[in-house]
Structure formats: structure tokens, C-alpha cells
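Residue numbers (the working numbering): 1334 to 1653. Here a beta-carbon is modelled for each residue, glycine too, at the ideal position from N, C-alpha and C. The structure appears right after this line, and notes come after that.
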């Protein structure tokens, strides 16, 4: 187990360089493992009006996938530095927000596990049942044993980390007129995939019109982007997806003019393994770029996407 997570140290350092007039830093809870305690930390950047357009950045749901937390931390570090000299950015943030939990599962990351310290896969933990079609055995989520990956736990009594994420999104994201969120993952395929719901079913996503409009805008604005935009269920379906749960809950209670689109960025880690096959002998190497220049390239690679999505939340003409 890693006693002092460098990722948590990096997040605490961010809180010291951030402008307290624009950035609110909060420790939401702590995850205790034996004699160690790891905080779940959030950042809220910009105005305090909850109905203002918002971009949410979330990472570290799976403890082995450190790179997602690194991408968010790198982006926030750059943003906070830019705030010091960019008056236009400070003006934009008076009417818009970015919210983030860069590391949702610090206990799992400390133990070098995909799951949380209780052996529960947080992205299989919500009370959502998938359709039987395209449902892979075990990987889709199961309740056999927490010794086997993808264990769902008890969806009717969710894990602390899952509940913290859900409560945070409901409080900070749901009230917005336009809300986009990105959950950063790694480990599937050779391409970087930008997934929209659903994970539970191959039925058409209710907001497919808005998804297509945003994709068209992205293709025009970032014509050489490297993302394969598709529903997650095109690859496989899963039980217990937290973003399916949140999307359905928002849709049930939202005002008619509100839009919430949760996205998942699945970084294709097989590319890193292909270029450095020795990584296959390390659990961390299966999900993260190990060689320094590839790690640095990954930190740069997704900044344009995040900037684009933040602009799209503030300029919602594409919704019409």
C-alpha cells in the first residue's frame, strides 16, 4: 500500500496556488484504511450561482487508473496559473463554473486496486440493472465475491465513494441550465473513446439529438481530434453505472430547459503497452503511460477537449 499518495499531495499543492476568490477547495470526506486516512478532495471554480453553466471533471474512480487523475490535476494546475494573468478568463468565470473531484477512490489507488478498499467496483455499484443483451460475464458486474474484479457490492447501500460522487453531482451539477461532465478512465482498446450513455442498454439515448449536435460542433472545431465518439453500450453493457443512474435521476426531476450530458473519456491504454510491452508485467502499466515522454504527451493531449467542452457549456446554441 502507498502510504503517502503523490496524487493527494499534488491536489493539496493546487489548493495553495489557487486564487481563493475564484476557487473553493473542500475535503468532502476521508477514507480510512487501517492506520491511514485519505481525503476525497473537490474544487469548485468560478461563480457561486448553481444555475450557471457548468463543466464537471471527475477521475480516479478505479484506483489502478492513475492517469485520469493526472490529466485533471495537470489541467487545473494550468488553469490556476492562467487565472493569475488572464483577465478574460477571470471574467468568463464570473458567469460559469468548473467543478471537479480529481480522485474519487484514493483508498483503491493507495492499495493499487481497481476497486475501493472494500473490493467494490464503484462503477458497478449504483442501483441500475442492465439489459441481458451484450452483457459480458463478470465484467458487466456481479455479486459473487469481492475477491473477483467488477464486484458490485450492495447497490441498495452504496459505497461511501459512490455516494459522495452522487451527492456532489446532484448539488453542484444538477441545478445548472447546461451541464457537461467527463469521467476520465483508461484501459480499453487502442483508441481514445469518448462515450455517452447508456452503459445499461443498447436502446437509443434520449438526448441523442444534443449528443449529435455537440459531436458535429466538436468535429468542426477540433477537425483533427483523435476521439471515437460512441455510446458505451456499443462495446459492452454493464450493471450499476453511476452516470446512467445520475442521468436518469436528473431526467426525472429536471426543468424542461435543463440539459445534463455525462461523458466518459476512455483512454486507450493498449497503445502504451504496444509501444512498451514490458508494461504488461505491471498492473499499473496496463492502465497508465509509464515512460515519461508518453505521460507528458497524455497530459497535453486532452487539454483542447476540456477547453472545447467548457466553451460549449457557456455557448449553448448547439442545443437548439
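Asked	Found
What do you get for residue 1487, buried or exposed, if any count of 16 or more other CB atoms within 10 angstroms of its CB means buried?	exposed
Can you check whether the CB of residue 1437 is closer than 8 Å to the CB of residue 1393?	yes
Which class does residue 1439 belong to by DSSP, given the choice of helix, strand or coil?	helix
Could you tell me the distance, in whole angstroms, from the CA atom of residue 1596 to the CA atom of residue 1545?	13 Å
Would you be able to state if there are at least three C-beta pairs under 8 Å between the segment 1568–1583 and the segment 1451–1463?	yes
Residue 1509 and residue 1383 - do their beta-carbons sit closer together than 8 Å?	yes
Expressed to the nearest angstrom, what Euclidean distance is found between the alpha-carbon atoms of residue 1363 and residue 1395?	17 Å
Tell me the DSSP bridge mates of residue 1365?	1370
Counting only the same chain and skipping the five closest in sequence on each side, list residues whose C-beta sits under 8 Å from that of residue 1485.	1453, 1454, 1457, 1458, 1474, 1475, 1476, 1572, 1573
Of the residues 1579, 1590, 1404, 1641, which one's Cα is nearest the Cα of residue 1505?	1579
Three-state secondary structure (DSSP) at residue 1499?	helix
Please report the distance separating the alpha-carbon of residue 1417 from that of residue 1587.	36 Å
Count the C-beta pairs between the segment 1416–1430 and the segment 1458–1468 that are closer than 8 Å, then say yes if the count reaches three, no if not.	no
Would the beta-carbon of residue 1525 be found less than 7 Å away from any heavy atom of the ligand MN?	Because no ligand of any kind appears in the structure shown, any question about the ligand MN cannot be addressed here.
So for residue 1465, helix, strand or coil by DSSP?	coil
Pick out whichever of 1435, 1554, 1381, 1468 has its Cα sitting closest to the Cα of residue 1343.	1435
Which value, in whole angstroms, describes the spacing of the CA atoms of residue 1492 and residue 1576?	15 Å
Flag this pair as touching only if the segment 1496–1505 and the segment 1360–1378 have three or more C-beta atom pairs under 8 Å; answer yes or no.	yes
Which runs of the alpha helix (DSSP H) at least 4 residues long sit entirely within the segment 1523–1604? Give them in chain order.	1541–1554, 1575–1586
Might you give, ordered along the chain, the residues of its own chain that have their beta carbon closer than 7 Å to the beta carbon of residue 1651, omitting 5 neighbours on each side?	1546, 1547, 1550, 1645
I believe residue 1405 touches residue 1375 by the beta-carbon criterion, under 8 Å. Please report the beta-carbon distance rounded to the nearest angstrom.	With a Cβ gap of about 11 Å, residue 1405 and residue 1375 do not count as contacting.
So, helix, strand or coil for residue 1516, using DSSP?	strand
From the DSSP output, which residues share a beta bridge with residue 1359?	1375
Should residue 1520 and residue 1398 be called a contact, given that it needs their Cβ atoms to be closer than 8 Å?	yes
What first and last residue would you give for the alpha helix (DSSP H) that runs through residue 1401?	1399–1416
So what does DSSP say about residue 1493, is it helix, strand or coil?	helix
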